[in-house]
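Report on one structure; see the data block that follows.
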Amino acid sequence: MGIMLTVFAMTESERRLIFAIIMIVLLLVVLAGFIGWWIYRVMKWQGKKMDNLVHDVVVTRIITDSKSLKAYGRKKSFAYFFKQAWIPVLLIAVAFLILLINDLIIKDFHYNVFNTETGIATLFFLWDFDDPDIYTTVFGMRVIAQWPAVTHTPTFVVDAITSYLFIPICGVGMVWFMVCVQCLVSRWWRLRTLCDKIFDKSLEGYNQNAAIMGASGAGTGMKVTADNMDQVAAQQQAQSTTQANSSENNERPPIGSDSSNSNKG
146 MGIMLTVFAM
156 TESERRLIFA
166 IIMIVLLLVV
176 LAGFIGWWIY
186 RVMKWQGKKM
196 DNLVHDVVVT
206 RIITDSKSLK
216 AYGRKKSFAY
226 FFKQAWIPVL
236 LIAVAFLILL
246 INDLIIKDFH
256 YNVFNTETGI
266 ATLFFLWDFD
276 DPDIYTTVFG
286 MRVIAQWPAV
296 THTPTFVVDA
306 ITSYLFIPIC
316 GVGMVWFMVC
326 VQCLVSRWWR
336 LRTLCDKIFD
346 KSLEGYNQNA
356 AIMGASGAGT
366 GMKVTADNMD
376 QVAAQQQAQS
386 TTQANSSENN
396 ERPPIGSDSS
406 NSNKG
């Protein structure tokens, strides 16, 4: 209740400021969610790439243990990383070469590519955030109450061409390289999962007694379950007795026995 009274007691500018802060927080949450979604997509995409890199040696059984697969997959992954990353590295090198040439020409190695006179800032709007009149106190915090005045408008400056070239080229190269590094980490994580999964020997769900009785049941033509184990054992004993009796009945009498003498008589 006290918070509601405080809100109603605020001025219109203070309420608009709080609304702006809430919107900024929501935008930051959405941005964080988008970055997380992007990382997830890259992880999944590069996981499939790792599968393709090691698929043939696993299926053809050229590699049959986890240690060898890890070493082979690491080499293939780094080779693919160098194939991906050489372009962004070249862009970064070109950007710094441009900056070095400019510093040699102007004989100033302290050149700031972000300044407002000969830097990239000449292409943007700038506001006076140092003005103390634009701030107010809300809940004990000093926050901006109104938007500051504009101190600079976008202007093309010939002396700032170096910054116009350096910032975009270097920025693209660095972002590209960071994506390549993320892809490398994604492939490493997938390789670790594959090494643990492909050669894993698990006894989950295995029952030794059921396996033994299953092998015995295969000879009797019956499917062995927990309910008919006694029946299978009885049937095996009956078959053993029948085979023993059959062997006794089929045994030929020895030469010179009573049977042979009676036939002669």
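The numbering of the sequence shown is this note's numbering, which starts it at 146 and goes up by one.
All residues carry an ideal CB built from backbone N, CA and C; glycine is no exception.
These numbers come from a predicted model, not from an experiment.
Spatial distance of residue i from residue j (CA atoms)
| i | j | result |
| --- | --- | --- |
| Ile314 | Leu245 | 14 Å |
| Leu198 | Ala240 | 33 Å |
| Gly178 | Pro293 | 31 Å |
| Gln327 | Leu336 | 14 Å |
| Gly218 | Trp183 | 24 Å |
| Lys212 | Ile343 | 12 Å |
| Thr209 | Val203 | 7 Å |
| Ala355 | Lys346 | 19 Å |
| Met323 | Val175 | 21 Å |
| Phe311 | Val302 | 15 Å |
| Ala290 | Thr281 | 6 Å |
| Asp196 | Leu242 | 39 Å |
| Cys325 | Asp253 | 34 Å |
| Trp334 | Pro277 | 51 Å |
| Thr261 | Leu249 | 21 Å |
| Ile166 | Arg186 | 30 Å |
| Val170 | Asp201 | 48 Å |
| Ser331 | Trp190 | 9 Å |
| Val181 | Met188 | It is Gly, not Val, that sits at residue 181 in the sequence shown. Distance between the alpha carbons of Gly181 and Met188: 11 Å. |
| Lys228 | Asn247 | 31 Å |
| Ala230 | Ala216 | 21 Å |
| Ile232 | Ala266 | 27 Å |
| Ile279 | Lys194 | 53 Å |
For residue i, the first and last residue of its enclosing alpha helix (DSSP H)
| i | result |
| --- | --- |
| Thr307 | 306–343 |
| Arg287 | Unbroken run through Arg287 is the beta strand (DSSP E), 286–289; no alpha helix (DSSP H). |
| Asn247 | 211–251 |
Beta-carbon proximity list for residue i, same chain, < 7 Å, skipping 5 on both sides
| i | result |
| --- | --- |
| Val317 | Leu236 |
| Leu329 | Ser222, Phe226 |
| Gly264 | Asn257, Val258, Ala305, Ser308 |
| Pro299 | Leu268, Phe269, Phe270 |
| Arg206 | none |
Cβ shell of residue i (< 8 Å), same chain only, five flanking positions each side left out
| i | result |
| --- | --- |
| Thr412 | The shown model of the chain, from 146 to 410, leaves out residue 412, and the question about it has no answer. |
Paired residues, beta bridge with residue i - DSSP
| i | result |
| --- | --- |
| Val295 | Trp272 |
| Tyr136 | Because residue 136 is not part of the residues shown, which for the chain are 146 to 410, the question remains open. |
Proximal residues to residue i (C-beta, below 6 Å), its chain only, five neighbours per side dropped
| i | result |
| --- | --- |
| Lys221 | Leu198 |
| Leu214 | Ile208, Cys340 |
| Val320 | none |
| Met286 | none |
| Ala371 | Since pLDDT at Ala371 reaches only 49, below the 50 mark, its modelled position is unreliable, and the value read off the structure follows with that caveat. Excluding sequence neighbours, Ala371 sits near nothing in its chain. |
Secondary structure of residue i, DSSP reduced to three states
| i | result |
| --- | --- |
| Tyr185 | helix |
| Thr282 | strand |
| Gly178 | helix |
| Asn197 | helix |
| Gly192 | helix |
| Phe164 | helix |
| Thr205 | coil |
| Thr267 | helix |
| Asn354 | helix |
| Val302 | coil |
Residue i CB to nearest heavy atom of the ligand FAD below 8 Å
| i | result |
| --- | --- |
| Cys315 | For the structure depicted, the ligand FAD is absent and the ligand set is empty, with no information on it obtainable. |
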